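Notes follow once the structure below has been shown.
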Amino acid sequence: RAKSAGGNRFELADAEADARAITRHGLTTALPTALERGEFFIEYQPLVHLGDGSVRGAEALVRWLHPQHGVLGPDRFIPLAEHTGLIVPLGRWVLEQSVRQAREWRELQGGVEAAGPLRINVNLSPCQLTHPGLVQDTVDILERTGVAPDALCLEVTESALIGADDDLLKPLRRLAEMGVDIALDDFGTGYSNLANLRRLPVSILKLDRSFTQSMQQFPADPVDLKIVEGIVSLAHSLDLAVTVEGVETGAQAEQLRILGCDTAQGWYYARPGPPERLHQLALVDATG
Ligand code: C2E
Ligand code: MG
Ligand code: MG
Ligand code: MG
């Protein structure tokens, strides 16, 4: 009996694995047409200054409105798009849409700018970094939209840059020289040598959500506090700004502000949402 029950369990596990593989295969083959059919859309999540609470910009987060499966998050399809190379045209599309959106916000702001014109953060996958068209595509998009390079921040994960040689860093250096900000995303999850930060053309550290989560308990773990304090002071001494991800409570925000973090992002302020929402938040913020 036990044996047959175990056997059934394995069959169930196999069936689930099969179903997942089928879905994965189906999603992979549907990706190129999804881009042509306009099934992708972007949500924007505000980036808030911890000192004064003002909205400074937003991170663009891509979603797929799949005709059968509904809205799929990036974790479901970005790895597939990276595997098939579709990430290059998809990433270019996200970049162009997001930069256009930033221009629209700036036009709507029309001078009502408590904290300066809104900026836009866009995620880059490692495949885009190694694609030879990255710099030219970015320059073209900024020119076509008439948006200044300093309105744009490109987020690259720490793990994508671990052990990066000069060839990989060259395009990022070019972009940084033009005035585009480069942020090191999910910082603290990889094993990069802190001294290594000096050779990367980054101007912003995005501290991973795991640090923010450890600020949830009260009192927070003193060792975690020390670690964040140390990272922030090192970052600032290297002229890097520190953004924190995943802020879900006011207590976390307050703790991270006291620790010297500059900017925050998370559900406490707003979930990712449509572009109008970001504009409303920024405007309320500017006009009081
Ligand atoms: P990420 O760049 O680290 O983005 C932050 C993720 O944390 C987002 O998940 C966001 O919705 C989520 N988040 C924000 N605030 C909170 C919070 O307070 N609590 C919690 N629990 N989560 C929060 P999302 O949208 O599912 O994106 C996941 C990842 O997918 C992103 O992580 C990014 O690496 C990748 N991604 C998203 N859009 C793009 C894109 O256009 N291109 C590329 N290459 N990757 C993208
Ligand atoms: Mg990001
Ligand atoms: Mg992140
Ligand atoms: Mg993250």
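Following UniProt numbering, the numbering of the sequence shown begins with 427 at its first residue and continues without gaps.
Glycine included, every Cβ here is placed at the ideal spot set by N, Cα and C.
Fair warning: this is a prediction, and the values are worked out from it, not measured in the lab.
(Q) By alpha-carbon positions, which one of Gly672, Gln554, Gly589, Ala646 ends up nearest to Glu508? (A) Gln554
**Q.** Neighbourhood of Val573 by C-beta distance below 7 angstroms, restricted to the same chain and skipping five residues each side
**A.** By the criterion of a C-beta distance shorter than 7 angstroms, Val573 is surrounded in its chain by Val525, Ala528, Arg529, once the five residues flanking it on both sides are discounted.
**Q.** Inter-residue Cα distance where the pair is Gly589 and Leu595
**A.** 10 angstroms
Q: With DSSP collapsed to three states, give me the class of Ile608.
A: Secondary structure of Ile608 (DSSP, three-state): strand.
**Q.** Coil, strand or helix - His475 by DSSP
**A.** Of the three classes helix, strand and coil, the one that applies to His475 here is strand, per DSSP.
Q | Distance between Arg635 and Ala428 (C-alpha atoms, nearest Å) | A | Residue placement at Ala428 is poorly supported in this model, since its pLDDT is 44, which falls under 50; the coordinates are not used for a value here.
Q. Should the segment 567-582 be called in touch with the segment 635-651, which here means at least 3 C-beta pairs below 8 angstroms?
A. no
(Q) So within the segment 609-660, which uninterrupted beta strand (DSSP E) runs reach at least 3 residues, ignoring any that extend past its ends? (A) 630-633
Q) In angstroms, rounded to a whole number, what distance separates the CA positions of Ala431 and Pro505? A) With a pLDDT of 49 at Ala431, under the threshold of 50, the modelled position of this residue cannot be trusted; read the value that follows with caution. For Ala431 and Pro505, the distance between alpha carbons rounds to 35 angstroms.
(Q) So for Thr455, helix, strand or coil by DSSP? (A) helix
Q: Go ahead and label Arg532 buried or exposed: buried means 16 or more other beta carbons lie within 10 angstroms of its beta carbon, across all protein chains shown.
A: buried
Q: Please report the residue range of the alpha helix (DSSP H) in which Arg697 lies.
A: Where Arg697 is concerned, there is no enclosing alpha helix (DSSP H), given that its DSSP letter is neither H nor E.
Q | Trp490 beta carbon near ligand 1 (any heavy atom closer than 7 angstroms) | A | no
Q) Grouping DSSP H, G and I as helix and E and B as strand, with all else coil, what is Glu674? A) coil
Q. Is Glu508 near ligand 2, with its Cβ less than 7 angstroms from a heavy atom?
A. no
Q. Around the C-beta of Leu438, are 16 or more other C-beta atoms found within 10 angstroms, so that it is buried, or is it exposed?
A. Burial call: exposed.
Q) With a Cβ-Cβ cutoff of 8 angstroms, do Asp607 and Glu584 count as a contact? A) no
Q.
DSSP has residue 735 in a bridge; who is on the other side?
A. Given a span of 427 to 714 for the chain in the structure shown, any question on residue 735 remains unanswerable.
Q: Determine the direct distance from the alpha carbon of Tyr694 to that of Val673, and round the result to whole angstroms.
A: 6 angstroms
(Q) Could you tell me the alpha carbon to alpha carbon distance between Ala677 and Glu655, rounded to whole angstroms? (A) 16 angstroms
Q) How would the residue list near ligand 2 read, in chain order, if you kept each one whose beta-carbon is closer than 7 angstroms to any heavy atom? A) Spelled out in chain order, the answer is Glu485, Asn547, Asn549, Glu581, Asp611, Lys632.
Q. So is Asn549 buried or exposed if we call it buried at 16+ other beta carbons inside 10 Å?
A. buried
Q. What residue from His662, Ala586, Phe503, Pro627 has the CA that sits closest to Gly616's CA?
A. Ala586
Q. Taking buried to mean at least 16 other C-beta atoms within 10 Å of its own C-beta, is Ser659 buried or exposed?
A. exposed
Q: Look at Thr689 and His475 and say whether their C-beta atoms are less than 8 angstroms apart.
A: yes
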